[in-house]
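Since the structure comes first, as structure tokens, the remarks are kept for the end.
Pasting the structure below:
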């Protein structure tokens with residue numbers, strides 16, 4: 304673990320800045336913010352109009368002078384000032400005043416695996432702008448593994464897959480550290496894009512961005528497997544005429560479109576396993592893979608991985624908030640490090 308547990312126990316709050324959602328855990332209060340990482344801004348005056356869920360509902364429905372922006376992309380802050388304004392609004396005046404009572408305010412934040420120094424610096428500056436005097440960075444893979452209850456401190460292999468909106472991170476952990484890991488630039492947004500492109504090319508239909516996820520769920524509880532209904536009705540806009548139109552879509556073709564970007568995830572799992580010592584791979588044959596992250600809830604994704612790898616695949620109980628929960632566990636001091644007793648002389 305790059306940051307010691309003792310340093311994390313001194314932190315007062317933790318932030319998980321995700322491309323899809325932002326979560327804030329406050330020590331002693333629990334998870335106080337769980338909102339979409341979206342802000343709506345008046346481009347004429349620069350005033351912040353809305354953040355979170357309300358701003359997300361405005362996507363694609365605003366007049367010209369209102370911009371809906373996402374200050375976080377792929378787990379990296381791309382607009383520091385807007386990210387600070389969004390976080391201030393999400394926390395609210397009361398919570399910000401409570402945090403600022405700490406003279407040496409300390410914060411912790413998740414960063415994607417192998418994040419470059421510029422990305423780490425952007426995260427630190429974002430939280431410093433909120434009043435933090437010290438910011439500790441924790442690898443998202445370790446935070447998520449702790450949050451879903453994996454025994455990361457033990458000398459045994461645990462494999463975790465963080466399925467984010469912009470990327471998927473896969474790692475094998477042992478003794479509190481990452482043994483091998485890979486970050487694949489394919490996430491829930493790539494799946495959404497594949498569905499939109501399929502409908503545009505095959506049916507000349509433009510699908511509203513907020514209708515993509517309901518379409519995935521409409522493929523039935525079996526999702527990516529073939530047990531779902533043969534067809535489903537989709538409403539959208541005709542590419543040529545611009546008029547609203549409904550079409551009957553072959554769900555098997557939609558499933559094929561979804562599978563295409565997910566093959567890169569399978570390649571990433573194979574790469575991680577090839578770089579892992581044989582003893583740890585033997586442990587994983589029984590324990591399998593634990594999926595966390597919002598995209599882990601994509602219907603049938605776990606079954607697809609199970610068939611492709613031949614390994615057990617489990618979805619965490621609350622996969623979307625595991626990283627924030629893991630940060631909270633470390634802040635509250637509930638995680639005990641493995642103590643190695645030296646041999647007696």
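Residue numbers (the numbering used here): 304 to 648.
Beta carbons are placed, not taken as given, at the ideal position from N, Cα and C, and that holds for glycine.
Given the structure is predicted, the values throughout are model-derived calculations rather than measurements.
Quick one: give me the first and last residue of the beta strand (DSSP E) that residue i is part of.
| i | result |
| --- | --- |
| residue 541 | 534 to 541 |
| residue 483 | 480 to 487 |
| residue 319 | 316 to 320 |
Out of the options, state which residue places its alpha-carbon closest to the alpha-carbon of residue i.
| i | options | result |
| --- | --- | --- |
| residue 380 | 350, 408, 411 and 424 | 424 |
| residue 395 | 426, 324 and 353 | 353 |
| residue 604 | 564, 631, 544 and 637 | 564 |
| residue 552 | 507, 572, 590 and 429 | 507 |
| residue 397 | 445, 314 and 335 | 335 |
| residue 485 | 427, 329 and 462 | 462 |
| residue 299 | 510, 347, 341 and 377 | In the structure as shown, the chain begins at 304 and stops at 648. Residue 299 is therefore absent and cannot be evaluated. |
| residue 628 | 319, 479, 383 and 572 | 319 |
| residue 490 | 451, 624 and 568 | 568 |
Report buried or exposed for residue i, applying the criterion of at least 16 other Cβ atoms within 10 angstroms of its Cβ.
| i | result |
| --- | --- |
| residue 613 | exposed |
| residue 597 | buried |
| residue 472 | buried |
| residue 316 | buried |
| residue 620 | exposed |
| residue 338 | buried |
| residue 632 | buried |
| residue 538 | exposed |
| residue 475 | buried |
| residue 326 | buried |
| residue 544 | exposed |
| residue 417 | exposed |
| residue 374 | buried |
| residue 302 | The question about residue 302 has no answer here: the residues shown for the chain are numbered 304 through 648. |
Classify residue i as helix, strand or coil using the three-state DSSP reduction.
| i | result |
| --- | --- |
| residue 330 | coil |
| residue 523 | A caution first: residue 523 carries a pLDDT of 49, below 50, which makes its placement in the model too unreliable to give a value. |
| residue 433 | coil |
| residue 401 | helix |
| residue 389 | helix |
| residue 621 | coil |
| residue 611 | helix |
| residue 468 | coil |
| residue 638 | coil |
| residue 364 | coil |
| residue 648 | Because the pLDDT at residue 648 is just 42, under 50, the model does not fix this residue reliably, and the value given afterwards should be weighed accordingly. Looking at residue 648 - three-state DSSP - the assignment turns out to be coil, as it is neither helix nor strand. |
| residue 425 | helix |
| residue 508 | strand |
| residue 549 | strand |
| residue 339 | strand |
| residue 384 | helix |
State the start and end residues of the unbroken alpha helix (DSSP H) segment that holds residue i.
| i | result |
| --- | --- |
| residue 443 | 443 to 450 |
| residue 471 | First-last for residue 471: 471 to 477, but that is the beta strand (DSSP E), not the alpha helix (DSSP H). |
| residue 557 | 554 to 577 |
| residue 587 | 581 to 590 |
| residue 312 | 308 to 312 |
Exercise for the section: Examine the Cβ distances between the region 496 to 507 and the region 555 to 572 and report whether three or more of them are shorter than 8 Å. Expected result: yes
Practice task
Could you tell me whether the region 361 to 380 touches the region 397 to 405, using the rule of 3 or more Cβ pairs below 8 Å?
Solution key: no
Handout entry: Stretch-stretch touch, CB-based, cutoff 8 Å, three pairs: the region 583 to 602 with the region 453 to 469
Key = By the Cβ criterion, the region 583 to 602 is in contact with the region 453 to 469, since at least three pairs of Cβ atoms, one from each stretch, lie closer than 8 Å.
Practice task
Would you be able to state if there are at least three C-beta pairs under 8 Å between the region 420 to 437 and the region 452 to 464?
Solution key: Cβ pair count under 8 Å is below three, so no.
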